[in-house]
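Peer 1: What follows is a structure written as structure tokens; I'll ask about it next.
In full-length UniProt numbering, the protein residues as written are 1 to 419.
What follows is the structure in structure tokens.
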């Protein structure tokens, strides 16, 4: 992100910087222009949650009101409240700030309105609240009912919100399950609205619905059977075309659900599968190279110990840390090695300056050794300094392999010299 230089108040003669100056400097990239609402505030999140609730209610009640001629006092009040909320939401989105592809905050009514109107969401959002009944004669109730379908386009905002969340497998599966239920609900209401011939022969069936709930249940069951290649009795051409489309939609939904479930199951044990594959390939490689079984067992034990300690099969346990910025690397490593450093007397701030401690932390890296591994031998040049982590020990041996001293984490005395 490019740095912005803005004129600020002159500092005082003493050269001190007030807390207000610090906060102003930290908010250079976060300031919004006049007549612009910030898009990432808690108030905006609460408003979006309210809109989402109305959208979910609309997904349920709008198709039912069209397919089953459902009407109630709650639905009448809801139809008055919803356009008002959607109209307010339309202008809120028009004058809300946004972040461009480089992460820069864009504000200003002219730029935000142009961006929103050109984004493609403005038309369905406008049609979701526009009062068509004021411009249509009262006898065109069917047309007004059909225009309500534009309100369902607001579901795009719900999908966009969920899509910005973490890409967890369970979230994607829940979203797909909700889409399947919503499509089944829409198809059931559509079948009740379009299947005129089927409705005329309801008395001929063994089950005759006596209420709207029973009729909806029957339509739902027929649609579910239809998408699974079990179509109902058809009497008109429109019904035949609709059933054919239902079966095609059913095939697509089944493929999507099966693929999503397979991906979800695979994501649950993805790391475990990678670890198992690593063990298998390591064993095959050792066998191909002719490595003795005793040594090959130690090689496999290294990866088993590496997985148990770090939940990773990478030899560099700190690989992901090195991808961060220098400041974050220092903070993360300080959190990882803080308990260890507290047990080291000569690494306290009383003996070393903070700059030295910081440089030492930046050069620390995690290395895992197996039992009986040799760290260094007498006569070898030691150009490194090691610290024992939370677990493990190091034995100091003499040339006859008799243990002289065992060091644990937090013990840093001078060991006796081997002869």
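Beta carbons: idealized from backbone N, C-alpha and C, even for Gly.
1) Is it true that the CB of residue 368 sits closer than 8 Å to the CB of residue 306?
2) Any contact of the segment 105–125 with the segment 46–53, i.e. 3+ C-beta pairs under 8 Å?
3) What residue range does the beta strand (DSSP E) around residue 395 cover?
4) Starting from residue 233, trace the alpha helix (DSSP H) both ways and give me its first and last residue.
5) Please tell me whether, using a cut-off of 7 Å, the distance from the CB of residue 115 to the nearest non-hydrogen atom of the ligand GTP is below it.
6) Check each candidate in 235, 171, 131, 112 and name the one with the smallest Cα separation from residue 99.
7) On a Cα-Cα basis, can you pick out the residue from 107, 128, 73, 250 that is closest to residue 88?
8) Under 8 Å, with one C-beta from each stretch per pair, do the segment 248–268 and the segment 175–192 reach the 3-pair mark?
9) Is the beta carbon of residue 249 sitting closer than 8 Å to the one on residue 227?
10) Hey, would you say residue 217 sits closer than 8 Å to residue 107, going by beta carbons?
11) Which residues in the same chain have their Cβ closer than 7 Å to the Cβ of residue 286, if we skip the five residues on either side of it in sequence?
12) Would you mind reading off the limits of the alpha helix (DSSP H) that contains residue 273?
13) CA-CA distance, residue 109 and residue 95?
14) Report yes or no: do the segment 315–331 and the segment 274–284 share at least 3 C-beta pairs separated by less than 8 Å?
15) At 4 residues or longer, what runs of the alpha helix (DSSP H) sit wholly inside the segment 317–341?
16) Tell me which residues share the same chain as residue 84 and place their Cβ nearer than 6 Å to its Cβ, disregarding the 5 neighbours each side in the sequence.
17) Return the first residue and the last residue of the alpha helix (DSSP H) that residue 45 is part of.
18) Determine the burial state of residue 373: buried for a count of at least 16 other Cβ atoms within 10 Å of its Cβ, exposed for fewer.
19) CA-CA distance, residue 200 and residue 215?
20) Need the endpoints of the alpha helix (DSSP H) that residue 309 sits in, please.
21) Here's a check: name, in chain order, each residue in its chain whose Cβ is nearer than 7 Å to the Cβ of residue 465, leaving out the five neighbours to either side.
22) Sort 126, 39, 68 by Cα distance to residue 82 and report the nearest one.
23) Pull up the distance between the alpha-carbon of residue 376 and that of residue 301, whole angstroms please.
24) Let me know if residue 103 comes out buried or exposed under the rule of 16 or more other beta-carbons within 10 Å of its beta-carbon.
25) Whose CA, out of 269, 316, 404, lies closest to the CA of residue 365?
26) Is residue 408 helix, strand or coil by DSSP?
27) Can you find the residues in the same chain that come closer than 7 Å, C-beta to C-beta, to residue 197, ignoring five residues on each side of it along the sequence?
28) Determine the direct distance from the alpha carbon of residue 124 to that of residue 59, and round the result to whole angstroms.
29) Could you name the residues that DSSP lists as bridge partners for residue 98?
30) Residue 37 bridges to which residues according to DSSP?
31) Excluding the five sequence neighbours on either side, which residues of its own chain have a C-beta within less than 6 Å of the C-beta of residue 68, listed in chain order?
32) Assign residue 185 to buried or exposed, taking buried as 16 or more other Cβ atoms, counted over all protein chains shown, within 10 Å of its Cβ.
33) With DSSP run on the structure shown, which of helix, strand or coil describes residue 240?
34) Comparing alpha-carbon positions, which option in 311, 232, 339 lies nearest residue 270?
35) Are residue 90 and residue 78 touching if we call contact CB-CB under 8 Å?
Peer 2: Concretely, from the data shown:
1) yes
2) no
3) 393–397
4) Taken as a continuous stretch (DSSP letters only), residue 233 belongs to no alpha helix (DSSP H), as it is neither H nor E.
5) This structure lacks the ligand GTP; in fact it carries no ligand of any kind.
6) 112
7) 128
8) Yes, the segment 248–268 touches the segment 175–192.
9) The answer is yes: Cβ separation under 8 Å.
10) no
11) 296, 299
12) 270–289
13) 6 Å
14) no
15) none
16) none
17) 42–67
18) exposed
19) 13 Å
20) According to the DSSP assignment, residue 309 belongs to the alpha helix (DSSP H) that extends over 293–310.
21) Here the chain comprises residues numbered 1 to 419, so residue 465 is not present and cannot be evaluated.
22) Of the residues 126, 39, 68, the one whose Cα lies closest to the Cα of residue 82 is 126.
23) If I take the Cα positions, the gap works out to 21 Å.
24) exposed
25) Nearest C-alpha to residue 365: 316.
26) strand
27) 235, 236, 239
28) Each residue's alpha carbon lies about 15 Å from the other.
29) Answer by DSSP bridge pairing, in chain order: 106.
30) 96
31) The residues are 192, 212.
32) buried
33) helix
34) 311
35) no
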